[in-house]
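All remarks here apply to the structure that follows.
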Amino acid sequence: METSFTAFLFTIISLFLGSSDFCFAVESISPNKLIRDPDSITSLNQTFRLGFFSPGNSSNRYVGIWYNSLPRGKLVIWVANRNSPLTDSLGVLRIIDDGNLVVLDGNENIVWTTNVSANANSSRAELLDSGNLVLRETSSSDDKILWQSFDNPTDTFLPNMRFGVNIKTGKKQVLTPWKTDSDPSKGRFHLELEPLVIPQLVLWEGSLRHGQSGPWDGTVFIGVEGMYSDPSIGFDRVRDEEEGNVYLTVSYRKKNLYARYAMNSLGQISENIFNVEGENQWDQAWFMPKTECDFYDKCGSFGFCNVLSKPICSCLTGYEPSSSEEWSNGNWSSGCVKQKPLRCEQNNSSSEEGKEDGFLKHERMKVPDNMVNWVRGKDLEECEQRCLKNCSCTAYSYGPKGCMWWHGNLIDMQRFNSMGGEDIYVRVAHSEFGMEAMERRQDRNAN
């Protein structure tokens, strides 16, 4: 009887230890404590798990971080050796003699490393409940952070993470999607924050600009149709002039809520919300690019895109296609040109002498790229007058955050059809302005 019980107990223990979800009792990784495939550790409140995994239908092994307490499968938010997979289950995650955290293969070759200057006797790595894997120097009084996964993201931006750039050093956080669902190596797209007067997100396909979010107005990116201000999630833009950092960060304002911003292999960035008190699933709040009109500069200079129009590209009032032949063939990249010169551009008098250029209003628009100036406060009239006094000023916009001005070509414009967008005032010759005003009066009379 005792023999049977012992055998039964041995079987149960063997099954438990053989489970892929087995968590080795290690709260942190130190020179004397390591993680060996298939072991793993969790953050203090067991929100996230760090360990070895195989994605999709691949047999390759990777070290990654995923949500531990949420259902719906293993959702990985960070991968260490994404470009250097292990081909067997003999991998180890440990701190080596130089104090770095490394992934070793079965032959003890380093396939990934934190690659920092560290003290071997005082290094410790731990997984935080934010999902951040940190390597600390414990000999310092403040447990100095030597390296952290939040500074080296994969395809996901999480609350409390900084996403931005250091203007002085050029170091930046970049999101790069997986190549496929079974291959976490770097895909062909990447997302970064462009530190302009007002920062915006820029999506790249290799070295080509693929899309952009428009400026950050303090609550949303105004160039993303359908993006709305969520009181449950707080976005903040931080500009540290002394250190040279410009970055975005986001925090929760409601318990039982998870948020993540992730890129997929198609180059789309999305906001995803999981409400523990809801339907136990991830809900997508918004994503970009969403339509053909979201592709960068789809209609060329002074053109704008409307996904509900046929064709989708049109010229702004007062402008015409620069190449009628190209436009008739569905190639809008050459954009549009002015039908009549502006008065401020003419040195000699003309039939329009004494009649100033005007501005035509375009509603619900994605603002053009390459904004050159932004001033808080002011009012609509002052915005117009400041633009009118500078002949190179081609458009302005006025919103809750103040005035925005654009010089030169207006590119990457789009008309929104649901929610969002700004009113853009585009400079045209007085004659064009008069024709537009007459058309509007006729429309009102007809109604």
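In mature numbering (1 follows the signal peptide of the UniProt record, and there is no 0), the protein residues as written are -25 to -1, 1 to 422.
Note that the Cβ used here is the ideal one computed from N, Cα and C, for glycine as well.
Do you know whose CA, among the options, lies nearest residue i's CA?
| i | options | result |
| --- | --- | --- |
| Leu223 | Ser289, Tyr373, Val213 | Val213 |
| Cys288 | Gly305, Glu300, Ser298 | Gly305 |
| Thr144 | Glu218, Arg137, Ala404 | Glu218 |
| residue 440 | Glu301, Thr113, Val312 | No answer is possible for residue 440: the residues shown for the chain start at -25 and end at 422. |
| Gln360 | Asp344, Gly395, Arg402 | Arg402 |
| Pro159 | Asn84, Trp179, Gly39 | Gly39 |
| Gly383 | Ala260, Met394, Pro343, Gly395 | Pro343 |
| Pro268 | Asp398, Pro174, Thr131, Val282 | It should be noted that the sequence gives Cys, not Pro, for residue 268. Nearest C-alpha to Cys268: Val282. |
| Gly253 | Tyr233, Asp272, Gly374 | Tyr233 |
| Lys230 | Val221, Val251, Glu216 | Val251 |
| Glu216 | Ile142, Met202, Lys161, Gly293 | Ile142 |
| Glu200 | Arg390, Lys8, Glu2, Leu166 | Arg390 |
| Cys378 | Asn392, Glu397, Asp387 | Glu397 |
| Lys376 | Glu180, Ser298, Ile173, Asn392 | Ile173 |
| His337 | Asp73, Phe23, Met388 | Met388 |
| Leu25 | Leu385, Arg351, Asp14, Gly31 | Asp14 |
Bridge partners for residue i per DSSP, in chain order?
| i | result |
| --- | --- |
| Gln321 | According to DSSP, which records beta bridges pairwise, Gln321 is partnered with nothing at all. |
| Met379 | Trp349, Ser372 |
| Thr88 | Val77 |
| Pro296 | Cys311 |
| Ile399 | His337, Ser372 |
| Ile70 | Leu76 |
| His165 | Trp179 |
| Met263 | Ile244 |
| Thr131 | Ala237 |
| Arg214 | Val221 |
| Lys147 | Val140 |
| Gly278 | Cys290 |
| Gln21 | Paired residue(s): none; Gln21 is not in a bridge. |
| Asp258 | Ile248 |
| Glu112 | Ser98, Lys119 |
| Ser3 | Glu101 |
Using a Cβ-Cβ cutoff of less than 8 Å, which residues in the same chain neighbour residue i once the five nearest sequence positions on both sides are dropped?
| i | result |
| --- | --- |
| Ile4 | Ile10, Ile16, Leu68, Arg69, Ile70, Leu76, Arg99, Ala100, Glu101 |
| Arg111 | Ser98, Arg99, Ala100, Glu101, Asp118, Lys119, Ile120, Leu121 |
| Leu171 | Pro190, Met346 |
| Gln256 | Arg47, Phe249 |
| Pro264 | Leu178, His185, Gly186, Gly242, Gln243, Phe270 |
| Ser(-12) | Residue placement at Ser(-12) cannot be trusted, given a pLDDT of 40 that sits under 50; what the coordinates show is reported in the next sentence. For Ser(-12), where only same-chain residues beyond five positions count, there are no Cβ hits under 8 Å. |
| residue 424 | Nothing about residue 424 can be reported from this structure: the residues present for the chain run from -25 to 422 only. |
| Met394 | Glu200, Gly201, Tyr203 |
Put residue i into one of helix, strand or coil per three-state DSSP.
| i | result |
| --- | --- |
| Ser124 | helix |
| Ser303 | helix |
| Asn392 | coil |
| Leu61 | strand |
| Arg11 | strand |
| Leu45 | coil |
| Ser245 | strand |
| Asn96 | helix |
| Glu252 | coil |
| Cys358 | helix |
| Asp332 | coil |
| residue 424 | Residue 424 falls outside the range modelled here, since the chain spans only -25 to 422, and no answer is possible. |
| Cys268 | helix |
| Leu385 | coil |
| Leu103 | coil |
| Glu200 | coil |
| Ser406 | helix |
| Leu363 | helix |
| Ile16 | strand |
| Lys154 | strand |
| Leu232 | strand |
| Gly193 | coil |
| Ser34 | coil |
Ignore the nearest five residues each way along the sequence and tell me which others in residue i's own chain have a CB closer than 6 Å to its CB.
| i | result |
| --- | --- |
| Gly81 | Asp63, Leu65 |
| Leu291 | Phe277, Val401 |
| Gly198 | Ser188, Gly189, Lys341 |
| Ser105 | Asn135 |
| Phe262 | Gln243, Ser245 |
| Cys362 | Cys368, Tyr371, Trp380 |
| residue 458 | Limits of the chain in this structure are -25 at one end and 422 at the other, which puts residue 458 out of reach. |
| Asp258 | Ile248 |
Excluding sequence positions up to five away, which residues of its chain have a Cβ less than 7 Å from the Cβ of residue i?
| i | result |
| --- | --- |
| His405 | Arg318, Glu327, Lys330, Glu331, Asp332, Gly333 |
| Gln148 | Asp126, Pro128, Arg137, Phe138, Gly139 |
| Ser59 | Val86, Trp87 |
| Leu50 | Trp41, Tyr42 |
| Leu103 | Ser18, Val109 |
| Ser294 | Looking at the sequence shown, residue 294 is not Ser but Tyr. Once the five neighbours on either side are set aside, the close Cβ partners of Tyr294 are Phe277, Cys311, Val312, Lys313, Gln314. |
Exercise. May I ask you to verify whether the stretch 182 to 200 touches the stretch 91 to 106, counting CB pairs closer than 8 Å and requiring at least 3?
Key: no
Quiz item: Are there three or more Cβ pairs, one per stretch, closer than 8 Å when the stretch 153 to 164 is compared with the stretch 234 to 248?
Solution: yes
Exercise. Answer yes if the stretch 263 to 281 comes into contact with the stretch 307 to 323, meaning at least three C-beta pairs across the two stretches below 8 Å, and no otherwise.
Key: yes
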